[in-house]
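Residue numbers (full-length UniProt numbering): 1 to 624.
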Amino acid sequence: MELNGPSRKRIKLESTQDSCNFSTFFRSLQPYIGSFRINVEQFLSQHAVAVTGGSNSRGLKMWCKRFFFQKSGRGMSDRPVVMLEILEEDVQFVPENRIHCRNCAVVGWGRHPVSAKRYHFLIQNNQDQSNRQLVLTYVEKPECWEDSDHLLHGVVHSNGFGHLVRINGIQGGSRFLTGSDLMGFWDCLCKVLGVRKVSVMDVSKKHEMEYRLLHAIIYGHPWYSKWDYIFGKGSFGLTFNIYKNALRKLSTEPLSLLFSNVRSPQSNLQNTIASYQFLSDKNLDTVRDLFRFISDILGRQRQEGKTKSFAQKHGSVKCLWSDDELRNSFDRMLQVLHAVSEEKWVSWKILKGATSRSIGSPKLVDYCLKHLAGKRKDGKTVVARPNEESHFIEYRLEAVQKDSHSAPEAQKYQPSREQILSDLLYLYKELLNPQTMHAYKPESRLQAARHAAIRLLDSKHLIKHYDQAHDIILTDSYVRRTCYIQVDDADEDPVCPPEILTLPISATGEDIKNEASKAFKETYLFYGKFEAEDLVELEETNSGSRKDVLIRGRCKEKIAKYKMERGIEKWTVNCACGEIDDDGEMMIICDVCHVWRHIRCSQIDEMFVPKKYVCSLCLSATRK
Numbered sequence: 001m002e003l004n005g006p007s008r009k010r011i012k013l014e015s016t017q018d019s020c021n022f023s024t025f026f027r028s029l030q031p032y033i034g035s036f037r038i039n040v041e042q043f044l045s046q047h048a049v050a051v052t053g054g055s056n057s058r059g060l061k062m063w064c065k066r067f068f069f070q071k072s073g074r075g076m077s078d079r080p081v082v083m084l085e086i087l088e089e090d091v092q093f094v095p096e097n098r099i100h101c102r103n104c105a106v107v108g109w110g111r112h113p114v115s116a117k118r119y120h121f122l123i124q125n126n127q128d129q130s131n132r133q134l135v136l137t138y139v140e141k142p143e144c145w146e147d148s149d150h151l152l153h154g155v156v157h158s159n160g161f162g163h164l165v166r167i168n169g170i171q172g173g174s175r176f177l178t179g180s181d182l183m184g185f186w187d188c189l190c191k192v193l194g195v196r197k198v199s200v201m202d203v204s205k206k207h208e209m210e211y212r213l214l215h216a217i218i219y220g221h222p223w224y225s226k227w228d229y230i231f232g233k234g235s236f237g238l239t240f241n242i243y244k245n246a247l248r249k250l251s252t253e254p255l256s257l258l259f260s261n262v263r264s265p266q267s268n269l270q271n272t273i274a275s276y277q278f279l280s281d282k283n284l285d286t287v288r289d290l291f292r293f294i295s296d297i298l299g300r301q302r303q304e305g306k307t308k309s310f311a312q313k314h315g316s317v318k319c320l321w322s323d324d325e326l327r328n329s330f331d332r333m334l335q336v337l338h339a340v341s342e343e344k345w346v347s348w349k350i351l352k353g354a355t356s357r358s359i360g361s362p363k364l365v366d367y368c369l370k371h372l373a374g375k376r377k378d379g380k381t382v383v384a385r386p387n388e389e390s391h392f393i394e395y396r397l398e399a400v401q402k403d404s405h406s407a408p409e410a411q412k413y414q415p416s417r418e419q420i421l422s423d424l425l426y427l428y429k430e431l432l433n434p435q436t437m438h439a440y441k442p443e444s445r446l447q448a449a450r451h452a453a454i455r456l457l458d459s460k461h462l463i464k465h466y467d468q469a470h471d472i473i474l475t476d477s478y479v480r481r482t483c484y485i486q487v488d489d490a491d492e493d494p495v496c497p498p499e500i501l502t503l504p505i506s507a508t509g510e511d512i513k514n515e516a517s518k519a520f521k522e523t524y525l526f527y528g529k530f531e532a533e534d535l536v537e538l539e540e541t542n543s544g545s546r547k548d549v550l551i552r553g554r555c556k557e558k559i560a561k562y563k564m565e566r567g568i569e570k571w572t573v574n575c576a577c578g579e580i581d582d583d584g585e586m587m588i589i590c591d592v593c594h595v596w597r598h599i600r601c602s603q604i605d606e607m608f609v610p611k612k613y614v615c616s617l618c619l620s621a622t623r624k
């Protein structure tokens with residue numbers, strides 16, 4: 001789609017335009033009671049500003065809504081501007097290569113008819129906020145509004161089915177909006193406008209790690225589940241049960257099995273795990289325990305600052321010993337350190353071995369080791385640090401500075417954030433990443449762990465079902481009807497979602513038929529000439545809140561290219577993994593049977609895809 005006029009145009013909003021609170025605006029609005037295509041028009045007319053003064057393209061309209069963002073604890077003067085841009089795309093005017101929706105095709109909505117309009121909701125990352133003026137950028141190609149640097153990009157079809165295309169928080173380049181801020185905003189927007197379903201492709205990374213894998217191991221679900229996004233459609237034939245079993249398998253792997261060969265010198269992996277087991281006041285028994293603890297450390301460090309040792313931060317274990325027992329135990333450890341020269345560091349493992357017999361209780365020994373930093377003896381204080389090679393905590397006594405009544409904060413052990421992130425990435429590669437893991441023994445256990453990790457990564461497509469919620473409150477004057485469509489002259493017609501109509505309670509059958517006909521004609525280009533003929537009352541829903549109706553009719557004219565969001569081409573998918581449709585993964589077609597299969601399942605390197613390919617079934621048939 002080409003836009004007329006200059007390729008870049010700046011338009012200033014009048015200073016009188018109302019600015020609304022980014023965090024609370026949509027939460028304060030009552031959800032509209034109509035369908036999305038009606039609701040969005042009402043919202044734009046009531047709350048947004050139509051962009052004028054520039055040359056709008058045929059088939060493209062634009063609005064904007066100005067917000068201010070106020071972080072908790074900041075003053076009224078520190079309120080950066082956030083501009084929401086809404087672009088209405090009339091599909092009948094777009095180029096041929098933009099008619100169909102790839103996102104619908106891979107998430108399972110590919111057989112829906114092509115919607116008449118698409119609404120893009122954008123928050124750019126290049127807004128000029130120095131003087132709280134809007135900078136709107138008109139561009140010649142739509143790829144520019146689909147820039148990967150946008151903080152938010154969501155698109156909703158006129159039938160209410162949408163896709164969250166992009167979220168970029170602080171790590172994605174945002175200066176003040178976090179990913180959670182943006183998700184909360186988007187979620188409330190969808191509820192208010194009556195969006196029906198939204199898909200998202202979870203492919204985000206953090207610190208070189210696949211976040212959908214890491215987050216699932218730590219918390220048992222994807223990050224988007226905080227906003228009720230659930231498993232939508234797995235790649236490579238993945239089902240939800242397979243996903244759950246894979247998650248349980250990998251997250252509950254016992255760490256003890258990584259230490260089975262006690263006679264061999266400890267590896268770097270074992271030392272790293274042991275160092276975090278030492279820091280924790282709770283037992284770290286499984287892979288999930290380990291990654292959850294490290295995640296908690298990073299979270300507390302980010303929120304509270306580096307003011308306490310990690311042993312102090314992570315939980316508060318009730319002390320089970322008397323003051324005398326603790327004092328005697330600390331004294332024994334201090335005696336060992338005092339016997340060593342000041343330049344020499346003593347690892348916690350050696351110190352534990354030297355004091356275990358005299359102290360007695362292993363738990364008491366561990367407790368004292370975790371709280372030893374900062375203790376004093378004969379004008380000296382205990383300092384702790386991590387050994388760069390072994391990752392073990394080391395101690396030594398150092399002279400106390402004059403006029404110091406407590407151990408200097410810098411002397412108290414706390415691994416740096418950089419060290420923790422480095423350890424996290426290392427553990428991720430060793431224990432979670434299927435391409436690099438090799439810690440699990442024997443080979444059968446390694447292959448099982450690797451397979452589980454691959455299946456977790458195959459879960460990319462998540463969906464939120466807004467239409468299953470019951471937030472809309474109707475007065476006694478209105479009633480809702482779910483309308484299905486049946487075209488009598490249909491020949492492999494698309495799978496058309498029902499339309500939800502909100503009607504006066506006095507509406508007659510003829511009124512319902514007329515409104516349903518109008519709804520389908522306005523929503524889908526394929527049914528632009530649809531004429532309703534009959535109305536059939538179906539059974540009442542379980543809740544009794546609305547009745548389903550079937551609208552039968554004819555369509556005088558159908559334009560084939562608008563038949564399905566997946567496109568007009570026909571293909572056959574029959575892969576060894578069980579997939580029978582396009583799932584967005586790379587596939588190759590057999591030159592003999594013309595059936596599509598995943599290149600991964602066909603054991604083909606995606607970097608070396610052959611120009612001609614014959615599947616194993618056709619090869620076997622040829623040999624016979």
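By construction, the Cβ of each residue, glycine as well, lies at the ideal position given by its N, Cα and C atoms.
The three-state secondary structure of tyrosine 613, taken from DSSP, is coil. Under the three-state reduction of DSSP output, glutamine 42 falls in the helix class.
Along the region 174 to 246, the alpha helix (DSSP H) occurs as fully enclosed runs of 4 or more residues at 179 to 193, 211 to 219, listed in sequence order. Contact annotation: valine 107 and serine 199 have beta-carbon atoms nearer than 9 Å. The alpha-carbon of isoleucine 297 is positioned some 14 Å away from that of leucine 284. Fewer than three pairs of CB atoms, one per stretch, sit closer than 8 Å, so the region 32 to 49 makes no contact with the region 208 to 218. Close CB contacts of glutamate 515 within its chain, under the 6 Å cut and outside five residues either way in sequence, are with Leu501 (chain order). With contacts defined by Cβ atoms closer than 9 Å, glycine 578 and glycine 237 form a contacting pair. Each residue's CA atom was taken as its position, placing isoleucine 589 and arginine 66 some 49 Å apart. With fewer than 16 other beta carbons inside 10 angstroms of its own, tryptophan 571 counts as exposed. Beyond the five residues adjoining it in sequence on each side, valine 495 comes within less than 7 Å, by CB distance, of Arg111, His112 in the same chain, given in chain order.
Linking glutamate 389 to asparagine 271 through their CA atoms gives a straight-line distance of about 9 Å. Membership of proline 504 in the beta strand (DSSP E) is indicated by the continuous run 499 to 504. Beta-bridge partners assigned by DSSP to isoleucine 588: Arg597.
Tyrosine 562 and leucine 525 have their C-alpha atoms some 6 Å from each other. Histidine 594 is classed as exposed because its beta carbon has fewer than 16 other beta carbons within 10 Å across all chains shown. Per DSSP, the continuous alpha helix (DSSP H) segment holding phenylalanine 330 begins and ends at 323 to 338. Contact check for isoleucine 551 against tyrosine 613 fails: the beta carbons are separated by 9 Å or more. Scanning its chain for C-beta atoms nearer than 6 Å, with the 5 sequence neighbours on each side dropped, one finds around histidine 120 the residues Leu87, Val155, in chain order. The Cβ neighbour count for methionine 564, taken over all protein chains shown within 10 Å, is at least 16; the residue is labelled buried. Per the coordinates, the alpha-carbon of aspartate 323 lies some 48 Å from the alpha-carbon of alanine 452. The DSSP-derived three-state label of glutamate 89 is strand. Excluding its 5 nearest sequence neighbours in each direction, phenylalanine 291 has C-beta neighbours in its own chain below 6 Å: Ile217, Ile218, listed in chain order. Here the alpha carbon of threonine 239 sits roughly 18 Å from the alpha carbon of histidine 465.
Scanning Ser148, Gln266, Met587, His461 for the CA closest to the CA of tryptophan 223 turns up His461. Just measuring C-alpha positions, the residue of Asp366, Gly234, Leu247 sitting nearest serine 275 is Asp366. Phenylalanine 293 and arginine 300 have their alpha carbons spaced roughly 11 Å apart. Residue burial annotation: arginine 445 is exposed, with fewer than 16 other C-beta atoms found within 10 angstroms of its C-beta. In this structure, the straight-line span from the alpha carbon of valine 549 to that of glutamate 533 is close to 13 Å. When DSSP states are grouped into helix, strand and coil, tryptophan 345 belongs to the coil group.
Using a Cβ distance threshold of 9 Å, arginine 79 and phenylalanine 69 count as a contacting pair. The beta carbon of isoleucine 599 is closer than 7 Å to those of Met586, Met587, Ile588, Glu606, Val609 in its chain, skipping five residues each way along the sequence.
Out of Thr252, Arg481, Asp289, the CA that lies nearest to the CA of glutamate 537 is found in Arg481.
With respect to leucine 535, isoleucine 568 sits apart: the two C-beta atoms are not nearer than 9 Å. Residues Arg37, Glu88, Glu89, Asp90, Val91, His157, Ser158 of the same chain have their beta carbon placed closer than 8 Å to that of lysine 117, with the five preceding and five following residues left out of the count. DSSP, reduced to helix, strand and coil, places glutamine 124 outside both helices and strands of the structure shown, so it counts as coil.
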